[in-house]
Amino acid sequence: EEAGAAVAAESSTGTWTTVWTDGLTSLDRYKGRCYDIEAVPGEESQFIAYVAYPLDLFEEGSVTNLFTSIVGNVFGFKALRALRLEDLRIPPAYSKTFQGPPHGIQVERDKLNKYGRPLLGCTIKPKLGLSAKNYGRAVYECL
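Mapping of the sequence shown onto full-length UniProt numbering: position 127 corresponds to residue 127, and the numbering continues sequentially without gaps.
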């Protein structure tokens, strides 16, 4: 229970130290809450924690804000040995704030000449330090 509550706090309003901005607003409105914990069958010290976040915590239409909040800092949380996000459910009310591609998926597929499969993006690592030739090679291997 303590770890679930810590994950909920760390990924929403919590911090490892007291900050002067804590008194500027009621954090309860934005606080993530761990509402259920289940033991992983057959695993002695592994648990599934269910965490819910208020929609007011997130900027409308921002995938970056959503994922930075939920999976940003918390994965470096030293109080846990391991952490994995297994499921993410987005309420329809929040999903409707995302505009999607500006021209629609068909135009995007036509530009890329890619049909019948998901369109994925990635960041080549390392982002810096590769020659143009090796960077091109890494990109080619990803495709």
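Yeah, the Cβ is synthetic: ideal placement off N, Cα and C, and Gly gets one too.
Self-check item: Which listed residue (L128, G104, F67) has its alpha carbon closest to that of residue 150
Solution: Past the boundaries of the shown model lies residue 150; the chain is included only from 1 to 143, so the question cannot be answered.
Quiz item: With a cut-off of 8 Å, do at least 3 Cβ pairs link the segment 122 to 138 to the segment 102 to 114?
Solution: no
Quiz prompt | Counted within 10 angstroms of its Cβ, other Cβ atoms place A79 as buried (16 or more) or exposed | solution = On the sequence shown, position 79 is the one that residue 79 refers to. It counts as exposed.
Practice problem: Inspect the beta-carbon positions of V71 and S11 and report whether they are closer than 9 Å. | Solution: Taking the first residue of the sequence shown as 1, we reach residue 71 at position 71. Taking the first residue of the sequence shown as 1, we reach residue 11 at position 11. Yes, the pair counts as a contact, with Cβ atoms nearer than the cut-off.
Exercise. Output yes or no for whether 9 Å exceeds the beta carbon distance between G32 and T13.
Key: Here the question's residue 32 lines up with position 32 in the sequence shown. Here the question's residue 13 lines up with position 13 in the sequence shown. Yes, these two residues count as a Cβ contact at 9 Å.
Quiz item: Is V7 near F98, with beta carbons less than 9 Å apart?
Solution: Within the sequence shown, numbered from 1, the residue matching residue 7 stands at position 7. Within the sequence shown, numbered from 1, the residue matching residue 98 stands at position 98. Cβ atoms of V7 and F98: not closer than 9 Å.
Self-check item: Exposure label - Y74; buried when at least 16 CB within 10 Å
Solution: The residue you call residue 74 lines up with position 74 of the sequence shown. The question names Tyr, but residue 74 in the sequence shown is Val. Classification of V74: buried, given that the 10 Å Cβ count is 16 or more.
Practice problem: Would you kindly work out how many angstroms separate the C-alpha atoms of A49 and R89, rounded to a whole number? | Solution: As a working note, residue 49 is residue 49 in the sequence shown. As a working note, residue 89 is residue 89 in the sequence shown. Taking the straight line from one Cα to the other gives about 14 Å.
Exercise. Following the continuous beta strand (DSSP E) through V51, name the residue where it begins and the one where it ends.
Key: Mapped onto the sequence shown, residue 51 falls at position 51. V51 -> beta strand (DSSP E) spans 47 to 52.
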